[in-house]
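Presented below is the structure to which this report refers.
See below:
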């Protein structure tokens, strides 16, 4: 990161609570909280409500810490990209050094407290997640390789595994498949966004696949990863956390997602540009719903099992 970024100063006057909250990337945090909570609740071991709530809180704080560290390091490119210019650091509402301090302090707090509240495995996974997102993805992969989203997607895929570890103290086939569901979903999700936001990444010199290989290649990659995603999503339904409700939902959602990816793949660039990338935007929006509904269906299965009605 450049010296100019490191020396970014906050705008005149103190930043408000909302600015520091935005620093934690609350939208990303909400997804982390939800998937971690599902991982905890679908686990076969019951967790005391106080321990469970405390654990989810510390996982959320860890996610927020990652967001703050990401904004600290990426302030230079965030200032260039249209969709990120209003973030607290590039807009000058929060200083870069403040963002760094918040990120480091919250990282330490989250990891230590999760270890005390739950167990060392879950704390270790959280520490690795923060490191992977802030260092491996943000500082290295994002600016170095078009595979940034593919490899970096691991950071966003760990929360359900951490939630599972809070409950069980271990890792299992179920938690690995929940991890893989998010991990393989991440590339087509972000590449669909990149198709209609290519200029942002190009101007910021971020080697997103659309910039390095073009939109045609990106469309092919979206279809390929969506095809890979289908067996993972369906396979999760055949494990102990799955069941007929989840499997039915997964079949419908994956059929729609696969159709959307196929529609993106076969679209000529001229047609996409002419209609303002309507299909790409539609698939991107559905991809958000896709993940929420899969984990929501797992939660439904867990609820039904608690009444002796769910599962296989």
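In this note's numbering, the protein residues as written are 339 to 650.
Cβ atoms here follow ideal geometry from the backbone N, Cα and C, with glycine treated the same way.
It should be emphasised that the depicted structure is a prediction, and the values quoted were computed from it without experimental measurement.
*Helix, strand or coil at residue 384 [DSSP, three-state]*: In the structure shown, residue 384 sits in coil (DSSP, three-state: anything other than H, G, I, E or B).
*Using the Cα positions of residue 644 and residue 634, report the straight-line distance between them to the nearest angstrom.*
Between the C-alpha atoms of residue 644 and residue 634 there is a straight-line separation of about 15 angstroms.
*For residue 641, the nearest candidate out of 372, 376 and 362 (CA to CA)*: Nearest neighbour of residue 641 by Cα position, chosen from 372, 376 and 362, turns out to be 376.
*What is the rounded straight-line gap between the Cα of residue 484 and the Cα of residue 387?*
Going from the Cα of residue 484 to the Cα of residue 387 covers about 42 angstroms.
*Smallest Cα separation from residue 433: which of 397, 357, 372 and 415?*
Comparing Cα-Cα distances from residue 433 to each of 397, 357, 372 and 415, the minimum goes to 357.
*Enumerate in chain order the residues of its own chain whose CB-to-CB distance from residue 379 is below 6 angstroms, with the five nearest sequence positions on each side excluded.*
640.
*Answer yes or no: do residue 370 and residue 397 have a C-beta to C-beta separation smaller than 9 angstroms?*
A contact, by the Cβ cut-off of 9 angstroms.
*Coarse secondary structure for residue 615, derived from DSSP in three states*: Residue state, collapsed to three classes: coil.
_Limits of the unbroken alpha helix (DSSP H) element including residue 510_ = From DSSP, residue 510 is part of no alpha helix (DSSP H); its letter is neither H nor E.
*Contact check, residue 392 vs residue 455 under 8 angstroms by CB: the rounded distance?*
Rounded to the nearest angstrom, the Cβ distance from residue 392 to residue 455 is 4 angstroms, consistent with a contact under 8 angstroms.
*Identify, in the order they occur along the chain, each residue of the same chain with its Cβ nearer than 6 angstroms to the Cβ of residue 716, setting aside the five sequence neighbours on each side.*
This structure does not reach residue 716, given that the chain is present from 339 up to 650, and the question cannot be answered.
*Exposed or buried, residue 557, counting other C-beta atoms within 10 Å across all chains shown (16 or more means buried)?*
Classified as buried, residue 557 has 16 or more neighbouring CB atoms from the shown chains inside 10 Å of its CB.
_Proximity winner among 410, 607, 421 and 623, relative to residue 442 (alpha-carbon distances)_ = Of 410, 607, 421 and 623, the residue nearest in Cα terms is 410.
*Work out the CA separation of residue 515 and residue 419 for me, nearest whole Å.*
Spanning the two alpha carbons is a distance of roughly 34 angstroms.
*asked:* Taking 9 angstroms as the threshold (C-beta atoms), are residue 615 and residue 533 in contact?
replied: Remark: C-beta atoms of residue 533 and residue 615 approach each other more closely than 9 angstroms.
_Going by beta-carbon coordinates alone, are residue 459 and residue 509 separated by less than 9 angstroms?_
Against a cut-off of 9 angstroms, the Cβ pair of residue 509 and residue 459 comes out as a contact.
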